[in-house]
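**Q**
In this note's numbering, the protein residues as written are 477 to 1120.
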């Protein structure tokens, strides 16, 4: 093999052309698109005995395929699954004497194969090394090859201008291997997954796996009817972003909220180990006992079968929308609903397809919907849909048409389980006005006293009065929604079916009519309070609310006793403050007396000191007497509390 600077690039190109990415992917049979952003791809293949199946997949799908791939083969089993690793270039060059960068420079390549046999011109030998010769103003940078000739002499030849051939067969094979890996890695955006099967000849097998896919969407068309129904048409919009065309593929759409996880199964991870230092003074090596191999327990294969789809309910024909060309088979699972599209589809990679998946009449009522928490003067025109279609409807945008006026507005549904109701608003009803006036009151309903603790039961009521001014030209069914409050009881005239989060009032307002509707939220409160800590306001409130005359009389006695107790404590506190002020004057006079000599000033401070002492004695006598009064008041309060 002759290698020079001029011929090295050609060597690269020839290898790249001979190692073009190849593989035979079996055709896609069916696709199940999940609203969780995944797609289950099913491929079909006819295989023989000890067959191989090759599947070309994008590199970013390999982790998910390794996580989810299933081979459905009733007459055979899987022997192995193999593919190129995540970093084939790095792994290949670990065992080679040169690096990838060495292949871009002939001097670097020659310098990396010390001991390799080469032919330089007419001479043969083994490589010793390459010397770099710096350039100057007159010469360019150059290199010289040193090699040991077969006759034992050492020669040096300039690399530029010399035809150099690597004649070492082992190095030639390593170069071919390296170039094959590099040429393939230059477009490293796919992998060929090879599956080896063991079984009899001439049989069909299916391979399925789950990969990321765009979330499929739903849009609805709604046309009100005249008999308490609406015609509801649902369209699915999805894309083929699998990386290949779909030809004659069966498509199923799955709606739900699956838990979706991913893991880097096609990446290399190394376990960190603790390095143990070697005892260089005395090394004793004990031969470890051979570990017994663990017995492998075989796992029986499980057959995987798809649940049979449920037939779609009969379509409504009272609106003018065109019906779908083919029926869609729908199925309701425990956590998902599925829509199996009729027939097969051809969808080019990157294209978008929209198909109708539901078209039928469902129960519905057109109302003017007022949500109390949103405020505002006008309700919204809405359709309360009762999903009796037999299939849970996925979330989506709703376009509403009127049979007379055409388009009237848009709405959205957050998903409607089968058998449940949901209101979808599509326009502001400016012909109807609603105002609300809230009012709250709390009434004590029961009082009990035990061990000095008064326990009260009270009822809190929050009344909201809605004043509805109807449209002048037609009657309206007005639906008022209030947010549910845990623990509260809701009552109102015209109560109707509630939702998990809303209480509802429904009333009919005739043309030009003004109507008043009242709702009540109530809750029972249980409170406990120590009578000894109760203030006069609380005691008076309990006294007024007490029904039992004996309880009211005792509370009246307690109110009076607490008032006397508060007065006694207040008087005692005032005496304490007076005592503190006089005591401060006394301390100040004593300090001044110590700092002055004899004379009139000293005499004045002595008189002041004696006067403060007299005041303190009088205040202390009053305090002692007032303490007795306060203690008597405390005892009376305690006695009354014990009498309950």
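Built from N, CA and C at the ideal position, the CB exists for glycine as well.
Owing to the predicted nature of the structure, the values given are computational and were not obtained by experimental measurement.
(1) What does a CB cutoff of less than 8 Å around residue 588 pick up in its chain, not counting 5 residues either side in sequence?
(2) Taking Cβ to Cβ, would you say residue 630 is nearer than 8 Å to residue 533?
(3) Given that a residue counts as buried once 16 or more other Cβ atoms are within 10 Å of its Cβ, and exposed if not, what is residue 874?
(4) I need the DSSP call for residue 1117, collapsed to helix, strand or coil.
(5) From residue 1110 to residue 1102, what distance separates their C-alpha atoms?
(6) Measuring only the C-alpha atoms, how far is residue 1090 from residue 1097?
(7) Would you decide whether residue 535 is buried or exposed? Buried here means 16 or more other CB atoms lie within 10 Å of its CB.
(8) Could you tell me whether the stretch 503-513 touches the stretch 727-741, where touching means 3 or more Cβ pairs closer than 8 Å?
(9) State the DSSP-derived secondary structure class of residue 564, mapped to helix, strand or coil.
(10) Helix, strand or coil, according to DSSP, for residue 943 in the structure here?
(11) Counting C-beta neighbours from all protein chains within 10 Å, is the total for residue 871 16 or more, i.e. buried, or is it exposed?
(12) For the beta strand (DSSP E) containing residue 842, name the first residue and the last one.
(13) Give the DSSP bridge partners of residue 722, in chain order.
(14) Looking at the structure shown, is residue 574 part of a helix, part of a strand, or coil, going by DSSP?
(15) Apart from the five residues on each side of it in sequence, which residues of its chain come closer than 6 Å, Cβ to Cβ, to residue 1033?
(16) Taking 7 Å as the cut-off, does the CB of residue 630 come closer than this to any heavy atom belonging to the ligand ATP?
(17) Considering Cα atoms alone, identify which of 700, 718, 667, 939 is closest to residue 687.
(18) Can you check DSSP and say which residues form a bridge with residue 729?
(19) I need the boundaries of the alpha helix (DSSP H) containing residue 1049, first residue and last residue.
(20) Nearest-angstrom Cα distance between residue 645 and residue 657?
(21) According to DSSP, what are the bridge partners of residue 711?
(22) Is the Cβ-Cβ distance between residue 908 and residue 995 less than 8 Å?
(23) Looking only at its own chain, which residues have a Cβ that is under 7 Å from the Cβ of residue 924, when we skip the five neighbours before and after it?
(24) Take every Cβ of the stretch 981-997, pair it with every Cβ of the stretch 940-953, and state whether three or more of those distances are shorter than 8 Å.
(25) Write down the C-beta distance between residue 840 and residue 705 rounded to the nearest angstrom, noting that I regard them as a contact closer than 8 Å.
(26) Given a threshold of 16 other Cβ atoms within 10 Å of its Cβ, counted over all protein chains shown, does residue 590 qualify as buried or as exposed?
(27) Is residue 972 near residue 905, with beta carbons less than 8 Å apart?
(28) So for residue 423, helix, strand or coil by DSSP?
(29) Closest to residue 540 by CA distance: which of 747, 927, 740, 594 is it?
(30) Could you tell me which of 980, 1079, 927, 1069 sits nearest to residue 1007, measuring between CA atoms?
(31) In chain order, what residues of the same chain lie with their CB nearer than 7 Å to the CB of residue 1119, ignoring the 5 residues before and after it?
(32) By DSSP, does residue 619 sit in helix, in strand, or in coil?
(33) DSSP three-state call for residue 670: helix, strand or coil?
(34) When the Cα atoms are used, what is the spatial distance from residue 827 to residue 817?
(35) For residue 486 and residue 652, what's the separation of their Cα atoms in angstroms?
(36) According to DSSP, residue 913 sits in a beta bridge with which residue or residues?
**A** In short, the structure shows the following:
(1) Taken in chain order, the residues that qualify are 573, 574, 575, 578.
(2) No, they are not a contact pair.
(3) Its Cβ being crowded by 16 or more others within 10 Å, residue 874 is buried.
(4) Note: residue 1117 maps to helix in three-state DSSP.
(5) Going from the Cα of residue 1110 to the Cα of residue 1102 covers about 12 Å.
(6) Using only the alpha carbons, I get a separation of about 11 Å.
(7) Result: exposed.
(8) When C-beta atoms of the stretch 503-513 are compared with those of the stretch 727-741, three or more pairs fall below 8 Å, so the two segments count as touching.
(9) In the structure shown, residue 564 sits in a helix (DSSP, three-state: H, G or I).
(10) In the three-state reduction of the DSSP assignment, residue 943 falls in the strand class.
(11) Residue environment for residue 871: exposed (fewer than 16 other C-beta atoms within 10 angstroms of its C-beta).
(12) 828-847 is the span of the beta strand (DSSP E), which, as asked, contains residue 842.
(13) Residue 722 pairs with 823.
(14) Of the three classes helix, strand and coil, the one that applies to residue 574 here is coil, per DSSP.
(15) Cβ within range, chain order: 1116.
(16) For the structure depicted, the ligand ATP is absent and the ligand set is empty, with no information on it obtainable.
(17) A check of alpha carbon separations from residue 687 across 700, 718, 667, 939 identifies 718 as the nearest.
(18) According to DSSP, which records beta bridges pairwise, residue 729 is partnered with 509, 815.
(19) 1025-1071 is the extent of the alpha helix (DSSP H) around residue 1049.
(20) About 19 Å.
(21) Note: residue 711 sits in a beta bridge opposite 695, 832.
(22) By the CB criterion at 8 Å, residue 908 and residue 995 fall outside the cutoff.
(23) For residue 924, where only same-chain residues beyond five positions count, the Cβ hits under 7 Å are 931.
(24) Contact between the stretch 981-997 and the stretch 940-953 is present, because at least three Cβ pairs lie under 8 Å.
(25) Cβ-Cβ separation between residue 840 and residue 705: approximately 6 Å, consistent with a contact (criterion under 8 Å).
(26) Looking at its Cβ environment, which holds fewer than 16 other Cβ atoms inside 10 Å, residue 590 is exposed.
(27) Their beta carbons are not under 8 Å apart, which means residue 972 does not touch residue 905 by this criterion.
(28) Because the chain here runs from 477 to 1120, residue 423 falls outside it and cannot be looked at.
(29) When only C-alpha atoms are compared, the closest one is 740.
(30) Ranking 980, 1079, 927, 1069 by Cα distance to residue 1007 puts 927 first.
(31) Excluding sequence neighbours, residue 1119 sits near 1030.
(32) In the structure shown, residue 619 sits in a strand (DSSP, three-state: E or B).
(33) Here residue 670 sits in strand by DSSP.
(34) Rounded to whole angstroms, residue 827 to residue 817 spans 17 Å at the Cα level.
(35) Any reading at residue 486 must be qualified, since the residue scores a pLDDT of 35, below 50, and its modelled position is unreliable; the value itself is stated next. Between residue 486 and residue 652, the alpha-carbon positions lie close to 13 Å from each other.
(36) Paired residues: 941.
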